[in-house]
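Colleague:
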Amino acid sequence: MSVTAEEPRRGSRGTVGVTVRPQPVTEQSYMESVFTFLHDVVPQAYSGGSIVDGREKVLWVRFDEADINDVGRNSMFEQCPGPGDTPPLLLTLGYSNGLQIWSLPESGEAQEVFSMRHGPVRTARLLPAPLPVLARRDLFTEKRPLLATCDSISSSVGQAYCAVDVRSLRTGDVVKSIQFKTPIFDILANQRILLVALQEKVAAFDACSFSKKFFITSCFPSSGPNPNPLALGARWLAYSDNKLVQRHQSYGGVSGDAVQSYTATVISAAKTIKSGLSLFGEAVGRLTGGRSLSSSSEEEGAIGGPRRQSLTQGVVTITDIERAQGQVQVSDDHEGDAIVAHFPAHDHRPISALSFDASGMLLVTADCQGHDFHVFRILAHPLLAAQAAVRHLYTLHRGDTEAQVQDITMSQDSRWVAVTTLRGTSHVFPINPYGGAPCARTHLSPRVVNRVSRFQRSAGLEEIEADIASKPTGRSNSPVPSLSPSPSASPCHSRLARQESFCNRINNNPGNPRLPPFPHPMTIAPLIQIRQPVSLGRVSKSSGPGFLASGCLALKPPCKNKGGGSPQQACSKGSSGMELCVAARFAPSRSQFLNSTAVSREKDRASVVDNLFVACSYGMLLEYQLDLQPAFGAAKISDESSLDLLASPRCSWTLARSALWDEARPPFDNNHPLLLASDTVQAWRGRRDGHSCTNCGSNESLSSDPGVEGEEWLSQVEIVTHTGPHRRLWMGPQFQFKTVQSSGQTMVLSSSSSALLSQGTPEPLQPDIMDLHSLRLQPVRSDPVTMPRPSSAPRAAALEIEAGSGMFEQNSLLLEVSHSWPDSSAIGRGVTDPVDEGLRERIADAMVESPGVCPPDHAVELRREGSIETLSNSSGSTSGSFPRAYESYRASLPGLDTPLPLQDDDG
Amino acid sequence: MKNERESKKKTTKKANDVIACDFRHGGLKDRPGMLDLEIVPERSAGNESWEFSLGMPFAQAVSILQKHCHLVRNVQVLYSEQNPLENDLLLNLTQDGLTLVFDSCSQRLKIIEVYNLSKVKLKYCGVHFNSPTIPPTIEQIDQSFGATHPGVYNAAEQLFHLNFRGLSFSFRLDARLDTPKFAPHYAHGLASLQIPNGATVERMHVYAGNALSDARAPLMPPNCYGGNVYAEGVDVLCDAYGPIGLKFRLLTAGCGPVMRVDNKLQTFQRCVYLGDHCQDVVSIIGSPHKVFYKSEDKMRIHSALPHKQKSRCNDYFYNFFTLGVDILFDAISQQAKKFVLHTNYPGHYNFNMYHRCDFRIPLIPRCELDKDKEPFVITAYTKWDAVREA
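Order-wise, the sequence lines are chains B and L. So the working numbering is basically just the index in the first sequence, starting at one, shifted up by 940. So the working numbering is basically just the index in the second sequence, starting at one, shifted up by 233.
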C-alpha cells in the first residue's frame, strides 16, 4: 500500500515556505515488511518509489540546535514538558543546488523555514545567539539569526569549499566571510564559538565578533565519513588527538578489550611507555617472538602510512573553550590549563565519531572499525587534566563486521544511545548515565532513578561492595594491568595513582571519585536495529555506478559528469554503494494527532522512551515509536529484568524539495519562526551581567509555576539532596552522641584540661572526671506532661541513641516519616517551641550522666524514661533489656569502667 | 592425649577469661588491640596505616575510626547543643584514653589529648616512652624527649606541666608530698628539679602553637586532601534582585605535574552562576562526588496544585561533599538552578555528610534608608535572632 503524497501547501512569500503534513505509516505495512527479505523495519513509504519523482536529490541531512529549540533561553519552553511545550526539531537538507531548513513543531506540521538555491553546499549551520557576557559585545545583534554555510562558489581560493559565509536571515546579506587555504569539512557552532573543521585542523572563532579565538593543528584524521571528528558541548570541545602526552594524561581511559589476549594487552601497554623503560620493552619483544620495541617512541607505530609513525591513534583530548587561546596543544612544554582531559579512547584505532550527551558529562566515541563504541564519563578537575579522570562506563558492541559511523545521538535523559552507520542502520542501546546494567528498574521508570536502589541502600549492599573493592588485592602487583586501571595508563601515572590511593587508605579520606581503581566497563548489545532500505529509491542515471548519495561529509561528487573539483576522500573499503546519509534524534512524539482515541493519546504521553526520528537522504523523515517492555519470557519480572524494545514506524514526512518550489529567503515577515526565536533568545539576559532580566519570574523559580500564588515558596525548599548512607553516624553502635551543657557562670571545675583549653569558659570535656550535676544550671521549669509532638520526638531521640537493637529501628522509622526537618542554623527556621526546649533540655540532662554518682541502673533508668516519652510504647519494653551482644557497650558507659583519678587502681 | 587436650582447653579457656576480664575493666595488662601511636609533636599521632594529623577535618577522623571499628570500639561525640560554636567538638575514644579536640568553627583537629596513658602505647621516634611495661615517668620523658624549659606548676589544678613545642605533659603531684615546696616562685629554673622521681604523666597534649592555651587548629595538611578540592570560604554574589552565583575560594593539593610527587597546596578562586551549564560548573569547580537524581518531591503535597505537574522531571543534584555545596540542575536545559549550602552542625540529621560550607550571604537592603549602611551578612555561624533583627 503506497502512501499518497499530498501536494504540500505553499505559504505566501515572506512567511514560511511549504508546510508538509505527516503521513501515517500503517500497521499493515509493518506486517508486510516482516516478510520481505530485509526482515527489519521498513517504512512503507518507500515501496512505491514513485513519490519522490520530481524532487531534488538530497545529498546530506542533519538535525540542528539553534535558537528556535533552545530550551535554556527560549522562554516558550519551560521545564517538564507538557502539551505545547516541546521544542521543534530543526532539520537541514543539503542538495546539489542549495539547501533547505525545516522546523517540525509538536503539532506535527513541518514548516519549511528557509530554502536557497545557491550552488552545492557542503555544510551549513544555524548559529545560536551568543551568551550575553559583559566583556563581549555582540556585533551582529540586529542581523541575527545567522546562517553559516560552506559552498563552492564563495571561496576566493582556487579550490572550492574553502570559505565560510555567514549570512543574516533577517536582512539576507552576507555579514562575514572567512577564508581558508584548505577545504572545510564541517562547521559546528554553540553559544560561545563558531568552529570550522579542516583537514587535521580546527579553527575557532568567537560567536560575538567572529574574531579568531583558538586553533588546533594536531588532529588525527579519520578515514570515515567525517575526516575530522569533533564533539562540541556547551563549554568543551572533544577532538581526536594525534599523540598521548603522559604529563597531561588523565586517569582512566579505555579499559582494554575483553577479547584482547594477554600479549595484545601487554603490547598496547608497552606502546605508550616512553624511553627509559627499555627493559620492559625487551621483555615484550621476547614475548611477541622477536618483534623488538625500541625505546624511542618514534618507531612505535600506529597502523598507517609512514607519515603516521610518530603519531598515536585513538587519543581524545577535551579542551575548555573559554580558557583556550591561540594554539591549543597538548605537549610537555605547555602548561595545558585549557585542557580538561586527555586519554586514550580506543586501543590504537583512529576515532571516527565523537558526541557529547545533553549534560556534557558523557562522551560516546566510535572508531574506524565500528565493532565497539565506548561511553565515557568525564570527571574533570578544576586545575589540571592530569588530575582529571575518565571512566569507561560501557562498551556498546555493535557486531563483528566493519561499519562506518556517521551519526551518534543520545536521548535527553542520557538513557538511550542511537548510533547510525553509513549503511543506514540505527542501533539503539540502553545505558545509564552513572554506569551499571540497564534493567527494568532503571529504564521502565519515567524519570531517571539513582544508581543505588532503596533496597540496596538500606541493606548496606553498596558499602559492602565498596569495601570489597577497596581492599588491596594482588592486582596492583600484576604485570598485566588489563583490569582497572587501563592498560594504556602510563606506568608513572599508575604508580602515582597507587601512591595516592595508598595515602588515601592511610588517611582514609572521604573518597575521591577521580582516583582509580575504576569499575570495569559493561558490554551492551543493541536492543534494536532500525534499517533503512538501501536498495530502493532512485538511482538517477547521471550518478556514478553504485553511488546513491554521498555520505554526510564524504566528498564524492554526486555526479561524476559535472565538474566539481572537490577533493576525493577514499571511503571505507568495505562498503560499495551501500551508503546513505542518515541522521537520527530522540524527541517526544509529533504524531499525537494521529491517535484516534484518548486512551492511546494518554499512552503516548506516558511513554518512557522518546520516539526516534530518522531522516535519510531520500528526503524522508520518519518517526519510530519505541515501546519498552521487560524481556519476553522472563518468569518473574523484577527490578533486574532485562529489556526488550520494539520499534514501529508511526508516520513520515516527505521533505525533499521539488524543483517547482520557490526559494524561501529573507527578508521574512516578523512572525517568521526563526526571527521570533532569535528575538526571544536575545531578549533573555542572564543574571550574570547585571542587566535586568526580562524573564525574571521564570528564572527565579524554575521549578514552580510563577503564575500561581503561593507556589514560589516550594522552590525554596529541598528535603533530600543526596543519597544518604546506609547508616547515619549517630545511629551506629560505635559512636555515641552526647550533648554538653555550657553554663553562663564561670565556675572552677575540677577538670584540669578545660581550664587549659578554653579561656575561662568552663566546659565539661570529660564527663568521667568533672562533676556534671553542678552544671545543671537550668532554671527550674515545670516538666511538661503531655506527649511531645511528633516533630520533636525524633529530635530528642537524635540526641542520644544508645545501641539497643530495638531502639534505633524505631528511631529511624520516626525520622523517615518526619522529613520536614529544618537545619538548626538554616534561614527560615522558626524559633523553637518552649515546650520543645524544655523537654529537650530535660532529656539532655538525663543523658548527661556523671559517673560515680549515678549507678548503672540509674543510667538505664534515665534512658528508659527518656525513651518512653519519646517513642511508642513498644520500644519502652525493649530498651530496658539490653541484648547480650551489647553488653560491652553498656559496660563502657562512663561511670562503669573508666578509672577515676580518685580510685586506687590507677597509676 | 586426652589429658593434654583437656588441659589445653583449660588453658585457653583461662586465657580467654583473662583477656575478657581485662577488656572489660580496661586494666593495665597489654590487651590485644591496644593502640600503638607514634607521636610527632605539633603534627600528628598515628601508626603505619593511619594517623590523626592536626588540621585534619572531623569527617576524616571519623572515617578512620569507622574503618578501624574493630580496634576502636567506643567513641563519644561531645558537642554543645545550645552554643555549638563556643565549645569544642570532641571525639572521645573512651577505651583508649584518647580525646580528639576539634575546633567547632572550622571542624578541624586542634588538640590530641591522651588522658589515660595506661590504655594506649605511645612512641616517639620509634621508641616507646609509654606502654604497659614502660611507665611514663619524668625520667622516661626526660630521656625520650630531652631537655626543655623548666616545668610550670599550676596550683589550682595541682598539676605540673612540662612543655615542649607542640607537646606538653602534665604530672600530678601526689597530695602526700609537701605541696608548699612547689610554690610558683620556685619555677625559675629550680622547680623542675623538684619533681619527685617516679611521678608519672597524667595527661599528654599534642597541639600546634606556642602554648596549649592558645592552640589553634592549623590549616589542613596537604596529605589530607587526597586530590579533593576543599573550600576555604564561599561568598554569595548578589545583584539587585537576588543571588546570582557563588564565589569559591578553593584549596587543593596534590596538583603538581604527574612526574613530581610533592603535594603543593594551591589556592584559587572560582565563580559559579545560576544558569551555568553542567560543563561550565564542572570546569570551574571540578566534578562532583556523587550525582543524585531528585526523587519524588515530598513537599509537593503542600502545594496548592499537586496534581498539575506530573513528576517527570529528571532534575539532578551534583553533591560536592568536600565543599559543602549541592547544585541542582534542570533536566531539560542542564542549567544550574539552585545552590544548597550545608553547615554540618552536630545534632543534625545530616551531620557528617558534608563539610561545613563557610558561606557569607549579604542581605539586600530593602528600603532606601538602608542603602548606605553596611549590608548585613549572614554566615554559617549567624543565629536566627540576629537575622530577624536585620
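All C-beta atoms in this analysis are idealised placements derived from N, C-alpha and C, irrespective of residue type, glycine included. Predicted model, so just to flag it, every value in this text is computed and none were measured.
State the DSSP-derived secondary structure class of glutamine 568 of chain L, mapped to helix, strand or coil.
Modeller: By one-based count along the second sequence, residue 568 of chain L stands at place 335. Strand at glutamine 568 of chain L.
Colleague: How would you list, in chain order, the residues of chain L whose beta-carbon sits under 9 Å from the beta-carbon of tryptophan 1356 of chain B?
Modeller: Here the question's residue 1356 of chain B lines up with position 416 in the first sequence. Chain L residues near tryptophan 1356 of chain B: none, gap ~13 Å exceeds 9 Å.
Colleague: In chain L, what lies closer than 7 Å to valine 1680 of chain B by C-beta?
Modeller: Position 740 of the first sequence, counting from 1, holds the residue named residue 1680 of chain B. Near valine 1680 of chain B (Cβ distances below 7 Å), the residues of chain L are Leu311, Tyr312, Ser313 and Asn320.
Colleague: For the alpha helix (DSSP H) holding threonine 1382 of chain B, just list the boundary residues, first then last.
Modeller: Sequence index remark: in the first sequence, residue 1382 of chain B carries index 442 (1-based). Per DSSP, threonine 1382 of chain B belongs to the alpha helix (DSSP H) from 1380 to 1383.
Colleague: So the beta strand (DSSP E) lysine 1141 of chain B belongs to, where does it begin and stop?
Modeller: Taking the first sequence and counting its residues from 1, one reaches residue 1141 of chain B at position 201. That run of the beta strand (DSSP E) goes 1141 to 1146.
Colleague: Can a CB atom of chain B be found closer than 9 Å to the CB of phenylalanine 562 of chain L?
Modeller: Mapped onto the second sequence, residue 562 of chain L falls at position 329. So, interface residue.
Colleague: Determine the direct distance from the alpha carbon of isoleucine 594 of chain L to that of phenylalanine 609 of chain L, and round the result to whole angstroms.
Modeller: The sequence position of residue 609 of chain L within the second sequence is 376, counting from 1. The sequence position of residue 594 of chain L within the second sequence is 361, counting from 1. Going by the C-alpha atoms only, they are around 8 Å apart.
Colleague: From glycine 442 of chain L to leucine 1324 of chain B, what does the alpha carbon distance come to, in whole angstroms?
Modeller: To locate residue 442 of chain L, count along the second sequence from 1; it is residue 209. To locate residue 1324 of chain B, count along the first sequence from 1; it is residue 384. Answer to the nearest angstrom: the Cα atoms are 34 Å apart.
Colleague: So tryptophan 617 of chain L is in the alpha helix (DSSP H); what residue range does that whole segment cover?
Modeller: As a first step, residue 617 of chain L is located in the second sequence; it is residue number 384 there, counting from the start. Its alpha helix (DSSP H) spans residues 617 to 622.
Colleague: Determine the extent of the beta strand (DSSP E) in which leucine 333 of chain L is found, giving its start and end residues.
Modeller: As a working mapping, residue 333 of chain L is identified with position 100 in the second sequence. 331 to 335 is the extent of the beta strand (DSSP E) around leucine 333 of chain L.
Colleague: Quick check: what's the CA-CA separation for cysteine 302 of chain L versus glycine 487 of chain L?
Modeller: Along the second sequence, one-based indexing puts residue 302 of chain L at 69. Along the second sequence, one-based indexing puts residue 487 of chain L at 254. Going by the C-alpha atoms only, they are around 29 Å apart.
Colleague: Excluding the five sequence neighbours on either side, which residues of its own chain have a C-beta within less than 6 Å of the C-beta of leucine 445 of chain L, listed in chain order?
Modeller: As a position in the second sequence, residue 445 of chain L is number 212, starting the count at 1. Cβ neighbours of leucine 445 of chain L beyond the five flanking positions: Ser401 and His438.
Colleague: Specify the secondary structure class of histidine 1666 of chain B as computed by DSSP and reduced to three states.
Modeller: Looking up residue 1666 of chain B in the first sequence gives position 726. DSSP places histidine 1666 of chain B in coil when its eight states are reduced to three.
Colleague: Mapping the DSSP letters down to three states, classify serine 1055 of chain B as helix, strand or coil.
Modeller: Here residue 1055 of chain B is taken as the residue at index 115 of the first sequence, counted from 1. Strand.
Colleague: Measuring only the C-alpha atoms, how far is isoleucine 1348 of chain B from leucine 1074 of chain B?
Modeller: By 1-based counting over the first sequence, the position of residue 1348 of chain B is 408. By 1-based counting over the first sequence, the position of residue 1074 of chain B is 134. For isoleucine 1348 of chain B and leucine 1074 of chain B, the distance between alpha carbons rounds to 35 Å.
Colleague: To which residues does DSSP link histidine 1314 of chain B through a beta bridge?
Modeller: Taking the first residue of the first sequence as 1, we reach residue 1314 of chain B at position 374. Answer is B:Thr1305 and B:Thr1335, bridged to histidine 1314 of chain B.
Colleague: Count the other CB atoms, across all protein chains shown, that sit within 10 Å of the CB of tyrosine 474 of chain L; report buried if there are 16 or more and exposed otherwise.
Modeller: Residue 474 of chain L sits at position 241 when you count from the first residue of the second sequence. It counts as exposed.
Colleague: Compare the beta carbon distance of proline 1290 of chain B and serine 1158 of chain B with 9 Å and say whether it is the shorter of the two.
Modeller: Looking up residue 1290 of chain B in the first sequence gives position 350. Looking up residue 1158 of chain B in the first sequence gives position 218. Result no, Cβ atoms of proline 1290 of chain B and serine 1158 of chain B do not sit closer than 9 Å.
Colleague: Would you report the Cα separation of serine 1299 of chain B and leucine 1172 of chain B, rounded to the nearest angstrom?
Modeller: Sequence index remark: in the first sequence, residue 1299 of chain B carries index 359 (1-based). Sequence index remark: in the first sequence, residue 1172 of chain B carries index 232 (1-based). Rounded to whole angstroms, serine 1299 of chain B to leucine 1172 of chain B spans 12 Å at the Cα level.
Colleague: Is the beta carbon of serine 1190 of chain B sitting closer than 9 Å to the one on alanine 1281 of chain B?
Modeller: On the first sequence, position 250 is the one that residue 1190 of chain B refers to. On the first sequence, position 341 is the one that residue 1281 of chain B refers to. Contact flag set, yes.
Colleague: According to DSSP, is cysteine 471 of chain L part of a helix, a strand, or is it coil?
Modeller: Residue numbering aside, residue 471 of chain L sits at position 238 when the second sequence is read from its first letter. Three-state result, cysteine 471 of chain L: strand.
Colleague: I want to know whether the region 1365 to 1376 of chain B touches the region 1025 to 1043 of chain B - three or more CB-CB distances under 8 Å.
Modeller: Touching, no, given that fewer than three Cβ pairs across the two stretches are closer than 8 Å.
Colleague: Closer than 8 Å, Cβ to Cβ, to anything on chain B: give me those residues from the region 497 to 511 of chain L, in chain order.
Modeller: Within the region 497 to 511 of chain L, the residues whose Cβ lies closer than 8 Å to some Cβ of chain B are Gln499, Phe501, Arg503, Tyr506, Leu507, Gly508, His510 and Cys511, listed in chain order.
Colleague: Apart from the five residues on each side of it in sequence, which residues of its chain come closer than 6 Å, Cβ to Cβ, to asparagine 363 of chain L?
Modeller: As a first step, residue 363 of chain L must be located in the second sequence, where it is residue number 130. For asparagine 363 of chain L, where only same-chain residues beyond five positions count, the Cβ hits under 6 Å are Leu350, Leu355 and Pro369.
Colleague: With a cut-off of 9 Å, does the C-beta of lysine 634 of chain L fall near any C-beta of chain B?
Modeller: It is not possible to answer for residue 634 of chain L, since the shown part of chain L is limited to 234 through 623.
Colleague: I'd like to know whether the C-beta of asparagine 1551 of chain B is nearer than 9 Å to at least one C-beta of chain L.
Modeller: Your numbering for residue 1551 of chain B matches position 611 in the first sequence. Answer no: the Cβ-Cβ gap between asparagine 1551 of chain B and chain L never drops below 9 Å.
Colleague: With a threshold of 9 Å between beta-carbons, can serine 516 of chain L be considered close to chain B, or not?
Modeller: Taking the first residue of the second sequence as position 1, residue 516 of chain L is located at position 283. Output row for serine 516 of chain L: interface = yes.
Colleague: Is any beta-carbon of chain B found at less than 9 Å from that of proline 579 of chain L?
Modeller: Indexing the second sequence from 1 puts residue 579 of chain L at position 346. Proline 579 of chain L counts as touching chain B.
Colleague: Taking only runs that begin and end inside the region 1077 to 1146 of chain B, name each unbroken beta strand (DSSP E) of 3 or more residues, in chain order.
Modeller: Correct list: 1086 to 1091, 1103 to 1108, 1114 to 1119, 1124 to 1129, 1133 to 1138 and 1141 to 1146.
Colleague: How many whole angstroms separate the CB atoms of serine 296 of chain L and phenylalanine 285 of chain L, which I take to be in contact at a CB cut-off of 8 Å?
Modeller: Start at 1 with the first residue of the second sequence, and residue 296 of chain L comes out as number 63. Start at 1 with the first residue of the second sequence, and residue 285 of chain L comes out as number 52. Their Cβ separation, rounded to whole angstroms, is 12 Å, which puts serine 296 of chain L and phenylalanine 285 of chain L out of contact at 8 Å.
Colleague: Excluding sequence positions up to five away, which residues of its chain have a Cβ less than 8 Å from the Cβ of proline 455 of chain L?
Modeller: Residue 455 of chain L sits at position 222 when you count from the first residue of the second sequence. So the list reads Ala486, Gly487, Asn496, Lys497 and Leu498, once near-sequence residues are dropped.
Colleague: Quick one: is alanine 1599 of chain B buried, meaning 16 or more other Cβ sit within 10 Å of its Cβ, or exposed?
Modeller: Counting from one through the first sequence, the residue named residue 1599 of chain B turns up at place 659. Exposed, because fewer than 16 other Cβ atoms sit within 10 Å of the Cβ of alanine 1599 of chain B.
Colleague: Considering just the uninterrupted stretch of the beta strand (DSSP E) at isoleucine 1279 of chain B, what are its terminal residues?
Modeller: Residue 1279 of chain B sits at position 339 when you count from the first residue of the first sequence. Counting along the chain, the beta strand (DSSP E) containing isoleucine 1279 of chain B begins and ends at 1279 to 1284.
Colleague: Under 9 Å, Cβ to Cβ, is there at least one residue of chain L near glutamine 881 of chain B?
Modeller: Because chain B is modelled from 941 through 1847, residue 881 of chain B falls outside the range shown and cannot be assessed.
Colleague: Can you find a C-beta in chain L that's less than 9 Å from the C-beta of tryptophan 1176 of chain B?
Modeller: Taking the first residue of the first sequence as 1, we reach residue 1176 of chain B at position 236. Chain L, which has a Cβ nearer than 9 Å to the Cβ of tryptophan 1176 of chain B, makes this yes.
Colleague: Note down, in chain order, each residue of its chain lying with its Cβ closer than 7 Å to the Cβ of asparagine 1130 of chain B, except the 5 sequence neighbours on either side.
Modeller: On the first sequence, residue 1130 of chain B is found 190 positions in, with the first residue counted as 1. Hits under 7 Å: Pro1068, Leu1172 and Ala1174.
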